[in-house]
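In full-length UniProt numbering, the protein residues as written are 1 to 218.
Below you can see the structure in the form of structure tokens.
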């Protein structure tokens, strides 16, 4: 099943062409590494994937329906984006893990939060830590935990291990690999060549705002 389909998609910002005539499709269960030079349009492509921004021209469909026909909030429950620079809010870590429950009108599950702490190699005491006291790597992991509280159909990852050491990078890679094996479609921007081919089944290269290649790896 084709989850996302880009048809002649371009994106302009302040008169600058960021993406140009993008044609691509993402199939259910794909694990796609997105690579290319800095400033080539990779993050813009990812933001288009869940309507954080809309195309200047062309169309994007999700599950065969025009993406613009979906309620944005509901769409982003199914297509979840984790930024390279983590955006945490509230006063404490636990405030961020409450949020996914609040927008779904569900009761907070502390056991789920503690399970994710353990999975991400974080002590559960961090839940009561002020976000201002966190390291860059801890903030990245908390942001990803927030995305994973509830399962999504597609997970969009933008350089999410850039602030992590090798041990914690490996932990995150294994978590994402297991999610993919369980059925989550993955799109992951990375500048790490080894990481880009480690688990991915496809390698999407974007250069100068265009799709240079979409290589099948396995």
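For glycine and all other residues, C-beta sits at the position ideal for the given N, C-alpha and C.
Along the alpha helix (DSSP H) that carries residue i, what are the first and last residues, could you check?
i, result
"residue 168", "166-181"
"residue 152", "Taken as a continuous stretch (DSSP letters only), residue 152 belongs to no alpha helix (DSSP H), as it is neither H nor E."
"residue 196", "193-198"
State the start and end residues of the unbroken beta strand (DSSP E) segment that holds residue i.
i, result
"residue 107", "No beta strand (DSSP E) contains residue 107, which DSSP labels as neither H nor E."
"residue 40", "Note, residue 40: premise wrong, no beta strand (DSSP E); not H, not E."
"residue 210", "210-216"
Going by alpha carbons, who is nearest to residue i out of the options?
i, options, result
"residue 20", "196, 127, 10, 176", "10"
"residue 202", "178, 38, 28", "28"
"residue 57", "31, 94, 18", "18"
"residue 1", "185, 94, 75, 110", "185"
"residue 226", "208, 79, 198", "This structure cannot speak to residue 226, because the chain is shown only from 1 to 218."
"residue 62", "182, 95, 75", "75"
"residue 200", "218, 141, 22", "218"
"residue 68", "160, 4, 169", "4"
"residue 208", "39, 156, 26", "39"
"residue 13", "44, 182, 80, 102", "44"
Under a CB-based cut-off of 8 Å, is residue i close to chain D?
i, result
"residue 119", "The structure shown contains no chain D; it is built from a single protein chain."
According to DSSP, which residues form a beta bridge with residue i?
i, result
"residue 9", "22"
"residue 31", "186"
"residue 207", "210"
"residue 17", "12"
"residue 4", "26, 62"
"residue 144", "Its beta-bridge partners do not exist; DSSP assigns none."
"residue 97", "Answer is none; residue 97 lacks a bridge partner."
Can you give the beta carbon distance from residue i to residue j, rounded, assuming they're within the 8 Å contact cut?
i, j, result
"residue 205", "residue 15", "Going by Cβ atoms, the distance from residue 205 to residue 15 rounds to 26 Å, so no, they are not a contact pair."
"residue 31", "residue 180", "5 Å"
"residue 188", "residue 34", "7 Å"
"residue 100", "residue 150", "5 Å"
"residue 274", "residue 131", "Because the chain in this structure spans residues 1 to 218, residue 274 falls outside the shown range and cannot be described."
Subject >> Segments assigned beta strand (DSSP E), at least 3 residues, entirely inside the region 111-142 >> reply: none
**OP:** Could you pull out every unbroken beta strand (DSSP E) segment of at least 3 residues lying fully inside the region 42-94, listed in chain order?
**Re:** 57-62, 79-82
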